[in-house]
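According to our numbering, the sequence shown is numbered sequentially starting from 41.
Note that the Cβ used here is the ideal one computed from N, Cα and C, for glycine as well.
These notes are about the structure you will find just below.
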Amino acid sequence: MANQPLGARPRHSRYDVVIVGGAAVGSAVAWFLSENPDFTGRVLVVERDPAYTYASTALSASCIRHQYSNAINVRMSLFGTEFVRRFREIVGGDAPEITLHEFGYLFLAPEDKAYILRDNHAVQRECGAATELLSRDEVQARFPFFQLEDISLASFNPVGEGWFDGYTMMQALRARARENGVEYVTNEVVDIARDGNRVAAVRLVTGETISCGVAVNASGPRAAKTARTAGLIVPVEARKRCLFVFDCQTPLGMTMPLTIDPSGIHCRSEGRYFLAGTVPKPDAAVAYDDFDVHYSEFEDEIWPTLAYRVPQFEAIKLVNAWAGHYAYNVLDQNAIIGPHHEVANFIFANGFSGHGLQQSPAVGRGVSELITYGEYRSLDLSELGYERVVSNTPFREQAII
Ligand SMILES: Cc1cc2nc3c(=O)[nH]c(=O)nc-3n(C[C@H](O)[C@H](O)[C@H](O)COP(=O)(O)OP(=O)(O)OC[C@H]3O[C@@H](n4cnc5c(N)ncnc54)[C@H](O)[C@@H]3O)c2cc1C
């Protein structure tokens, strides 16, 4: 079944679970459900773009870190690292190995921001992450290519942080979910019909109405559009993030960890090249189909800042660039996971704000537990629930890249 072409029309008119969006998050939910012997329902995944051309999952930098300010994010990513490391063993069948390239993240802070790294470090260590605090001299000794006069403290974690092939992980989960009986269709959910405080059915762009027991919103940057079709709101916007690949005339002689400059600009080694990005100014919502690269970000901001931080970067050449969309939670830049407070069979898995690929295993596991048992059984994700949207109470993640 896994190798059959995707069909536009579902085989049945009723499913226990309909998942809107079949990329990293939708496929993780589908796979975890399909593996759980306590879940015996029928699952449909509706995906409008089966080549995933514009999915965040395909346009991601695909890195994982444990350096967050909120313990729940540290724990979700610790599980993400374990899942990636043991992927073949956990997923089974002919699942590929997913290699984790552990180069670590390096956060740099000036004196007046050093307390943030200290506070975050305490949270991370408490959760079991291996983050170390480094003085300026210690950073200089490990990474002699940096210019660090303005830096007083850094945090660095070379254990379990780095790059993994999230796209291959998603494809493998999707294939295994299909083998387990989950149905994927190439189609678009254009409407979600309610019967009072229940989601009753989804309507597809091809005209079919499919009744469902539970609807899961896994539609990435389009999360608000999907929620709106059910008459619900979720504070998620599509925000453009451009990534730039450049070559440096003088090699650094060692791997550059994923370095977060105090300006917010990030950069790391990518084989013999380097990958960099920043938060655009202004950082406004964009149209769902706007993927134009803003080259001025590189010329005017990224390059000058990096050339100060790493003097060898004075002589570089841009070799590639692309733009993707963050599903940006404007309330607090944290994921929104769990049921709507009134429409309890509509489940959000949205607003990952740039860290959803690494969190997708924890989200898939958590949402599948909610659907199967009505509660979290492994990691409690309720801090990320929808209630904070209703009460307008941000649960802010400070370490957003
Ligand atoms: C430039 C960039 C860098 C990033 N770097 C990292 C990183 O280093 N680490 C990390 O963990 N995360 C990173 N992220 C974030 C990460 O990629 C996302 O959080 C993650 O991929 C989200 O997965 P998703 O399945 O929720 O969304 P998506 O991958 O966007 O998938 C949503 C899917 O839903 C489908 N869909 C939408 N609406 C409908 C509908 N109505 N009907 C049917 N289908 C629909 C879409 O076609 C899409 O395939 C980055 C993102 C970007 C853009």
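- Message: Are the CB atoms of Y426 and P379 within a distance shorter than 8 Å?
- Response: Between P379 and Y426, the C-beta gap is smaller than 8 Å, which places the two residues in contact.
- Alpha carbon to alpha carbon, how far is D372 from N113? Give it in angstroms, no decimals. Distance from the CA of N113 to the CA of D372, rounded to the nearest whole angstrom, comes to 13 Å.
- Does the Cβ of P45 have 16 or more other Cβ atoms within 10 Å, making it buried, or fewer, making it exposed? Below a pLDDT of 50, predicted positions are generally treated as unreliable, and P45, at 46, falls in that range; the measurement from the model is reported next regardless. Around the beta carbon of P45, fewer than 16 other beta carbons sit within 10 angstroms, so the residue counts as exposed.
- Quick one: residues in its chain with C-beta nearer than 7 Å to the C-beta of P401, no 5 flanking neighbours on either side, listed in chain order? Closer than 7 Å at the Cβ level, and outside the excluded window around P401, lie A68, F119, G120, F123.
- Taking C-beta to C-beta, are D287 and I356 nearer than 8 Å? Yes, the pair counts as a contact, with Cβ atoms nearer than the cut-off.
- Message: Between R128 and ligand 1, is there a pair consisting of the residue's CB and a ligand heavy atom that are separated by less than 7 Å?
- Response: R128: no, Cβ never under 7 Å from ligand 1.
- Query: Over what stretch of residues does the beta strand (DSSP E) that includes Y368 continue unbroken?
  - Reply: Per DSSP, Y368 belongs to the beta strand (DSSP E) from 356–369.
- Message: Give me, in chain order, the residues of the same chain whose beta-carbon lies closer than 6 Å to that of E151; leave out the 5 immediate sequence neighbours on both sides.
- Response: Here E151 has S192 as same chain residues with Cβ atoms under 6 Å from its own Cβ, once five neighbours each way along the sequence are excluded.
- Under 8 Å, do A325 and A278 count as touching if we go by C-beta distance? A contact, by the Cβ cut-off of 8 Å.
- Query: Under three-state DSSP, which class holds N113?
  - Reply: Note: N113 maps to helix in three-state DSSP.
- Query: DSSP state of V58, grouped into three classes?
  - Reply: Strand at V58.
- Query: Below 8 Å, can you find three or more Cβ-Cβ pairs linking the region 89–101 to the region 160–180?
  - Reply: Not touching, per the Cβ criterion.
- Message: For a minimum of 3 consecutive residues, which ranges assigned as the beta strand (DSSP E) are wholly contained in the region 311–337?
- Response: 313–317, all fully within the region 311–337.
- Message: Check for me: the beta strand (DSSP E) holding D287 runs from which residue to which?
- Response: Looking at the DSSP string, the run of the beta strand (DSSP E) that includes D287 is 276–288.
- Distance between I441 and R137 (C-alpha atoms, nearest Å): Before going on, a small fix: residue 137 reads as Glu here, not Arg. Counting only the Cα atoms, I441 lies some 27 Å from E137.
- To the nearest angstrom, how far is it from the Cα of A375 to the Cα of F72? A375 and F72: Cα-Cα distance of roughly 19 Å.
- Message: Let me confirm a value: E228 is counted as buried when at least 16 other C-beta atoms fall within 10 Å, else exposed. Which label applies?
- Response: Looking at its Cβ environment, which holds 16 or more other Cβ atoms inside 10 Å, E228 is buried.
- Query: Is A324 near ligand 1, judged by its Cβ being under 7 Å from some heavy atom?
  - Reply: Between ligand 1 and the CB of A324, the shortest heavy atom gap is not smaller than 7 Å.
- Task: Can you tell me which of the three DSSP states T208 falls into?
- Result: In the structure shown, T208 sits in a helix (DSSP, three-state: H, G or I).
- CA-CA distance, L397 and A258? Going from the Cα of L397 to the Cα of A258 covers about 12 Å.
- Identify, in the order they occur along the chain, each residue of the same chain with its Cβ nearer than 7 Å to the Cβ of L188, setting aside the five sequence neighbours on each side. Around L188: R176, V179, Q180.
- Along the chain, which unbroken stretches of the alpha helix (DSSP H) at least 4 residues long are found entirely within the region 190–246? Look at the region 190–246 and you find these whole runs of alpha helix (DSSP H), each 4 residues long or longer: 206–219.
- Message: Quick check on this structure: which residue in K153, M209, V239 has the alpha carbon closest to the alpha carbon of V254?
- Response: Comparing Cα-Cα distances from V254 to each of K153, M209, V239, the minimum goes to V239.
- Query: Any chance the CB of E437 is under 7 Å from a heavy atom of ligand 1?
  - Reply: Checking the 7 Å criterion, the Cβ of E437 is out of range of every heavy atom belonging to ligand 1.
- Message: Any heavy atom of ligand 3 closer than 7 Å to the beta-carbon of G144?
- Response: Only ligand 1 can be found as ligands here, which leaves ligand 3 out of the picture.
- Query: So, are the CB atoms of V383 and A270 less than 8 Å apart?
  - Reply: Against a cut-off of 8 Å, the Cβ pair of A270 and V383 comes out as a contact.
- Query: How big is the Cα-Cα spacing for N432 and R105?
  - Reply: Cα-Cα distance, rounded: 28 Å.
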